[in-house]
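Student: Residue numbers (our numbering): 181 to 358.
If you scroll down you'll find the structure; I have some questions about it.
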């Protein structure tokens, strides 16, 4: 079947171009896209799972419009998505997570951090977490001493920290408060 030129199409994910930021999940009015940070026992690591349920999708293309990379989701001209098995409507892909070195909470997907540093260029040096992540990617960092259970100190400045821990560090460094 030939579809019109301006046919909206089916949102189709391109896992290699998706950075795992979760913007698509936040703007999906039908709740067809979910982001789940889960532990993989077989791999021994945490991953961000991006799961799409085409059975719930209303094909509004909001995920396409708000994709930060403009390449993570494309609109496919294939509109025939019929199936007899509801499991065929579920589509997933996983992204590696980056964790705060102080509290251990997930910050974002590793691909998302790399995309941000590429997009910001030299401006990314204003954020220490992005700077350290970029140096790790380029192989310019040596092994950082392991963290202990102590409070944040000046030596923690050059660590990957979530926004809450980074703010806590800055407050304690500037004002002596935690």
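Where is the CB? At the ideal position from N, CA and C, for every residue including glycine.
Measure from the alpha carbon of residue 243 to the alpha carbon of each residue in 234, 200, 207 and 232, then state which is nearest.
Tutor: Looking at the Cα atoms, 207 is the closest of the given residues.
Student: Would you list the one or two residues that DSSP bridges to residue 286?
Tutor: Answer is 279.
Student: Use the C-beta contact count for residue 252: other C-beta atoms within 10 angstroms, 16 or more gives buried, fewer gives exposed.
Tutor: It is buried - the Cβ of residue 252 has at least 16 other Cβ atoms within 10 Å.
Student: What residue range is occupied by the uninterrupted alpha helix (DSSP H) comprising residue 312?
Tutor: 308-318 is the extent of the alpha helix (DSSP H) around residue 312.
Student: Under a Cβ-count criterion, where at least 16 other Cβ atoms within 10 Å of its own Cβ denotes burial, should residue 202 be classed as buried or exposed?
Tutor: Classification of residue 202: buried, given that the 10 Å Cβ count is 16 or more.
Student: At 3 residues or longer, and completely inside the stretch 207-240: list those beta strand (DSSP E) runs for me, N to C.
Tutor: Counting only runs of 3 or more, we get 213-220 and 225-233.
Student: Does the stretch 258-276 come close enough to the stretch 294-313 to have 3 or more Cβ pairs within less than 8 angstroms?
Tutor: No, the stretch 258-276 is not in contact with the stretch 294-313.
Student: Return the chain-ordered list of same chain residues with a C-beta closer than 6 angstroms to the C-beta of residue 345, the five sequence neighbours on each side being excluded.
Tutor: Contacts found: 280, 282 and 283.
Student: Would you mind reading off the limits of the alpha helix (DSSP H) that contains residue 245?
Tutor: Segment 242-245, the alpha helix (DSSP H) holding residue 245.
Student: Excluding five sequence neighbours on each side, which residues of the same chain lie with their C-beta closer than 7 angstroms to the C-beta of residue 257?
Tutor: Closer than 7 angstroms at the Cβ level, and outside the excluded window around residue 257, lie 183, 187 and 189.
Student: State buried or exposed for residue 343, treating a residue as buried only when at least 16 other CB atoms are found within 10 Å of its CB.
Tutor: Burial call: exposed.
Student: Give the range of the beta strand (DSSP E) segment to which residue 190 is assigned.
Tutor: Residue 190 -> beta strand (DSSP E) spans 190-193.
Student: Taking only the alpha-carbon atoms, compute the straight-line gap between residue 301 and residue 277 and give it to the nearest angstrom.
Tutor: Going by the C-alpha atoms only, they are around 21 angstroms apart.
Student: Put residue 350 into one of helix, strand or coil per three-state DSSP.
Tutor: Residue 350 falls in the helix class under three-state DSSP.
Student: What residues match up with residue 270 in a beta bridge as DSSP calls it?
Tutor: Answer is 233, bridged to residue 270.
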